[in-house]
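Residue numbers (full-length UniProt numbering), protein chains in the order written: chain A, 1 to 194; chain B, 1 to 194.
2 protein chains.
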Amino acid sequence: MGAEQARRSRITPEREAELYGAVLDLLREVGYDALTMDAVAARTRSSKATLYRQWGGKAELVVKALRQQKPHFDEIDTGTLRGDLHATARREDDCHMEQNSALMRGLMVAVHADPDLLQAFREWIVEPEMSALDRMLRRAVERGEVSPDNPALGYVIHMLVGAFATRTLIDELPPTQAYLASYIDAVVLPALGA
Amino acid sequence: MGAEQARRSRITPEREAELYGAVLDLLREVGYDALTMDAVAARTRSSKATLYRQWGGKAELVVKALRQQKPHFDEIDTGTLRGDLHATARREDDCHMEQNSALMRGLMVAVHADPDLLQAFREWIVEPEMSALDRMLRRAVERGEVSPDNPALGYVIHMLVGAFATRTLIDELPPTQAYLASYIDAVVLPALGA
């Protein structure tokens, strides 16, 4: 955390949140490929040197902006697996979920064409979410809610991301909290035998 | 089927398959946005007039090319739900599945930016696959394998498409027949109580 902390301490958390908000607005307006550090600098009235010093580059800046807007998994611990999964589905309100569903569709293609973005995406979004989910599932196993050798334990992340990603294409509807909650009860918990 | 049949009868099935193969090759090389009817005409030594008469436009041509390469669902009826789902997962060999996973990622973004492509995609891929899957599930309900009011019945398509779509991002591995078979046994069948 040392070097990271030192880099971060140069701007206030409020200013950082404002910057991330501007990055996500730009991302929605022009998409990842057309997003430039010049545009971010202009929109946020920062110097490009500051942006590069703080974030290294476009991939890291965009991925951290995405990560920052969502309450972290680790703050969730309700005492039951069902409670934890439902709280996870409620991390974003429906309006943000719809916006992010469009954003993520665009990013999923950019990710596979851009190794920097793929690496940042894995490091700052996929891996932290997966290890927080692993801890959530381990607690459920320790409480006796899920058998430790249930084969669905390895697929919970696929179920959740899959539910989110397929809603628009299949049903012509944005993913919502109610849809995710219903999917958790109909699919995720029964597959886990919970 | 009348008008459709009349349009189709102008070229042989072999020529049609050859054309679809060339369209998919081009799609892999340049992506949907950069694919032009001129390029398809040149690659397949056809006239653009023939292509437009036969397919109406780029969206319909691409979607039918995608649809044609996969054995249809309707030919699957093994007598058990598990047999049917496993046969569904084996419709494409691993090499084709990996190629198509990359293709689909590209198309999923194009689909949401292009109403013609979205409509063709729904009409020629999503709806036929969903109604074939509905028939497969209805047979399982009639055989008593799944309770008719199991809430997971409405999410089988989300589970299958989600498993396919999330494999590369989450595991850095292409979807394979073995992965889909394992997902069906660990998630889909337990969620259906089958």
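Here a beta-carbon is modelled for each residue, glycine too, at the ideal position from N, C-alpha and C.
Check your understanding: What's the C-alpha gap between residue 236(B) and Thr80(A)?
Key -> With chain B represented from 1 up to 194, any question about residue 236(B) goes unanswered, as that position is not in the structure.
Check your understanding: Helix or strand or just coil, what does DSSP make of Ile184(A)?
Key -> Correct three-state label for Ile184(A): helix.
Practice item. Indicate whether Ala59(A) and Ala181(A) have their beta-carbon atoms separated by less than 7 Å. Key: Their beta carbons are not under 7 Å apart, which means Ala59(A) does not touch Ala181(A) by this criterion.
Review point. With distances taken between CB atoms, is the gap from Val187(A) to Ala140(B) smaller than 7 Å?
Key: In this structure, Val187(A) lies away from Ala140(B), with their beta-carbon atoms at least 7 Å apart.
Practice item. Counting only the same chain and skipping the five closest in sequence on each side, list residues whose C-beta sits under 6 Å from that of Met1(B). Key: Since pLDDT at Met1(B) reaches only 45, below the 50 mark, its modelled position is unreliable, and the value read off the structure follows with that caveat. So the list is empty, once near-sequence residues are dropped.
Check your understanding: With distances taken between CB atoms, is the gap from Gly106(A) to Thr166(B) smaller than 7 Å?
Key -> Between Gly106(A) and Thr166(B), the CB-CB gap reaches or exceeds 7 Å.
Review point. Of all the options Ala120(B), Arg82(B) and Thr44(B), which has the alpha carbon lying nearest to the alpha carbon of Ala194(B)?
Key: Measuring from the Cα of Ala194(B), the nearest candidate turns out to be Arg82(B).
**Study point:** Three-state secondary structure (DSSP) of Pro175(A)
**Key:** Residue state, collapsed to three classes: coil.
Review point. Can you give the beta carbon distance from Leu19(B) to Thr44(B), rounded, assuming they're within the 8 Å contact cut?
Key: 5 Å between Cβ atoms; contact.
Check your understanding: Are the C-beta atoms of Arg105(B) and some chain A residue less than 7 Å apart?
Key -> Yes, Arg105(B) counts as interfacial toward chain A.
Exercise for review: Establish whether the CB of Gly2(B) and some CB of chain A are separated by less than 7 Å.
Suggested key: Low confidence applies to Gly2(B): its pLDDT is 49, below 50, so where it sits in the model is not reliable, and the reading given next is rough at best. Chain A, which has no Cβ nearer than 7 Å to the Cβ of Gly2(B), makes this no.
Exercise for review: Quick one: using the 10 Å Cβ neighbour count with 16 as the cut-off for buried, is Asp93(B) buried or exposed?
Suggested key: Around the beta-carbon of Asp93(B), fewer than 16 other beta-carbon atoms lie within 10 Å, marking it exposed.
Check your understanding: Taking the continuous alpha helix (DSSP H) assigned at Val109(A), which residues delimit it?
Key -> Per DSSP, Val109(A) is one residue of the alpha helix (DSSP H) stretching across Asp94 to Ala113.
Practice item. Reducing DSSP to helix, strand and coil, say where Leu192(A) ends up. Key: Correct three-state label for Leu192(A): coil.
Point to revise | Span of the alpha helix (DSSP H) around Leu133(A) | key: Glu127 to Glu142 is the span of the alpha helix (DSSP H), which, as asked, contains Leu133(A).
Point to revise | Status (buried if at least 16 other CB within 10 Å, exposed otherwise) for Lys48(A) | key: So Lys48(A) counts as exposed.
Check your understanding: Assuming Ala39(A) and Leu26(A) make a contact with CB atoms under 8 Å, what is their CB distance in whole Å?
Key -> Indeed they touch by this definition, with Cβ atoms about 6 Å apart.
Check your understanding: Taking the alpha-carbon positions, what's the Val126(A) to Leu103(A) distance?
Key -> Spanning the two alpha carbons is a distance of roughly 16 Å.
Check your understanding: Is there a Cβ from chain A that is less than 7 Å from the Cβ of Asp149(B)?
Key -> Answer no: the Cβ-Cβ gap between Asp149(B) and chain A never drops below 7 Å.
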